[in-house]
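Below you'll find the structure, written out as structure tokens, and then a few comments.
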Amino acid sequence: MLALFRRKALMCSPLLVSLFALSACISPGQPPAPPLPALAKAAPFTSTDANFAQQLNEMDLTHIALANLAKTHSARSDIALLSPTIVKDLTENHDTLSKLATAHTLTLPAKPSAQNQTVIDRLQHLYGAAFDRSYSRYFMSSTNKMTSVLTTEITTSKNTDLVKLATDTKTKITTYQSQIK
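Residue numbers (full-length UniProt numbering): 1 to 181.
Next up, the structure:
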């Protein structure tokens with residue numbers, strides 16, 4: 001009987017070893033993943049950032065309206081051909097600015113100011129060379145003023161999204177100025 005028991009034990013021992021090895025695979029699982037780090041919050045809008053956002057919004061709205069006029073009122077083909085690009089770029093710029101402002105609970109106006117609307121209305125009645133002259137003068141003077149505002153924002157703002165937007169806008173404006181001269 002002892003021999004029979006030994007024989008069964010020897011035959012079953014590899015089976016038992018493999019069962020013990022497989023039972024290690026049925027552990028409760030891996031430990032839970034550590035919690036994710038908190039999302040980085042965007043830098044807050046300072047009063048300077050809010051003022052810049054409003055100035056940039058005003059410039060975008062005015063130049064979009066004027067570029068739409070330039071499509072049909074301009075005698076110069078370079079201005080007429082550049083105007084769809086200005087409209088597209090500044091509309092994208094305006095959309096990005098609106099998203100940034102909304103994220104920081106800042107409401108931007110949807111229409112140009114009364115002063116800029118007066119400029120738009122005045123240019124709306126001009127055609128040909130008169131439109132080109134007035135449009136070029138206004139474009140160069142307003143973008144020169146805005147370039148200094150953009151430079152200030154780039155150097156002083158802590159909000160990286162606004163700095164990127166200001167840098168992109170400054171590059172676009174410089175390109176437009178070189179083409180409109």
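Quick reminder that beta carbons are idealized off the backbone N, C-alpha and C, glycines included.
Under the three-state DSSP convention, the category residue i falls into
i: S113; result: coil
i: S74; result: strand
i: T105; result: coil
i: K181; result: coil
i: L39; result: coil
i: A130; result: helix
i: F45; result: coil
i: A33; result: coil
i: S141; result: helix
i: N68; result: helix
i: H94; result: helix
i: K158; result: coil
i: H125; result: coil
Short Cβ contact (8 angstroms threshold) for residue i with residue j
i: A114; j: V87; result: no
i: D78; j: S157; result: no
i: T143; j: Q117; result: no
i: T167; j: I180; result: no
i: P112; j: A70; result: no
i: A101; j: L90; result: no
i: Q55; j: V163; result: no
i: T169; j: N93; result: yes
i: A75; j: A129; result: yes
Min CB distance residue i to chain C below 8 angstroms
i: A67; result: Absent here is chain C; the protein component of the structure consists of one chain.
Presumed contact (8 angstroms Cβ cut-off) between residue i and residue j, rounded CB distance
i: L106; j: F45; result: 6 angstroms
i: L97; j: N57; result: 6 angstroms
i: M146; j: I173; result: 7 angstroms
i: H73; j: Y138; result: Actually they do not touch by this definition, with Cβ atoms about 13 angstroms apart.
Would the region 129-137 count as touching the region 44-61 if we require 3 or more Cβ pairs under 8 angstroms?
The answer is no - the region 44-61 does not touch the region 129-137, with fewer than three Cβ pairs under 8 angstroms.
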